[in-house]
Amino acid sequence: KIIYYNNLSTQLGRNTINDNELGNNYANKFHKLDKLINTIEIDFKERENLLLNEYNTIVTLSNELGESLPTFESFKGSNNTYSLSDSRLNQLKENVQLLNQMKIKRIDEIKQLVIDCSSIVIDL
660 KIIYYNNLST
670 QLGRNTINDN
680 ELGNNYANKF
690 HKLDKLINTI
700 EIDFKERENL
710 LLNEYNTIVT
720 LSNELGESLP
730 TFESFKGSNN
740 TYSLSDSRLN
750 QLKENVQLLN
760 QMKIKRIDEI
770 KQLVIDCSSI
780 VIDL
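Laid out in structure tokens, this is it:
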């Protein structure tokens, strides 16, 4: 169970624990470890869902804009970046923000194009 907990902690970029930190009594160790695992599993699932939602937003915006679709792995960061880290989440959020800005810019360009076309038609 300690290995499982440490694996989840590592993926979230958190500190791991060792057997000594849980005390000497085995019943207390298991109880503390079960509490820790329950908590971190919730955090792990929430972070996984958050990353997936951000990526799905990127997919939607990329499709709307006709842009090439980046792979999820392209947001992994450096080799030392954990799979569910804040760094990866921030990269995804920055990409969403960039795509939203591109969308707004394209909408403005299309509006201007409509105005220009309209004035040309009126001139004819």
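Heads up: the sequence shown begins at 660 in the numbering used here, then just goes up one per residue.
We treat Cβ as the ideally placed atom computed from N, Cα and C, and that holds for glycine.
Presumed contact (8 Å Cβ cut-off) between residue i and residue j, rounded CB distance
| i | j | result |
| --- | --- | --- |
| Ser-668 | Ile-699 | 6 Å |
| Phe-734 | Gln-750 | 5 Å |
Closest Cα partner of residue i within the set the options
| i | options | result |
| --- | --- | --- |
| Glu-713 | Leu-772, Leu-757, Thr-675 | Leu-757 |
| Arg-673 | Val-718, Ile-769, Asp-745, Pro-729 | Asp-745 |
| Lys-691 | Glu-726, Ile-661, Thr-719, Leu-728 | Ile-661 |
| Asn-754 | Glu-768, Thr-730, Ile-774 | Thr-730 |
| Asp-693 | Glu-707, Leu-711, Asn-665, Glu-705 | Asn-665 |
| Leu-711 | Ala-686, Asn-697, Ile-774, Ser-742 | Ser-742 |
Contact under 9 Å by Cβ, residue i with residue j
| i | j | result |
| --- | --- | --- |
| Leu-772 | Leu-709 | no |
| Leu-695 | Ile-717 | no |
| Leu-724 | Phe-703 | no |
Other residues of its chain near residue i: CB distance less than 8 Å, five sequence neighbours each side excluded
| i | result |
| --- | --- |
| Ser-631 | The shown model of the chain, from 660 to 783, leaves out residue 631, and the question about it has no answer. |
| Gly-682 | Lys-688, Lys-691 |
| Asp-678 | Ile-661, Lys-688 |
Nonlocal neighbours in the same chain, by C-beta distance under 6 Å from residue i, ignoring five residues either side
| i | result |
| --- | --- |
| Tyr-663 | none |
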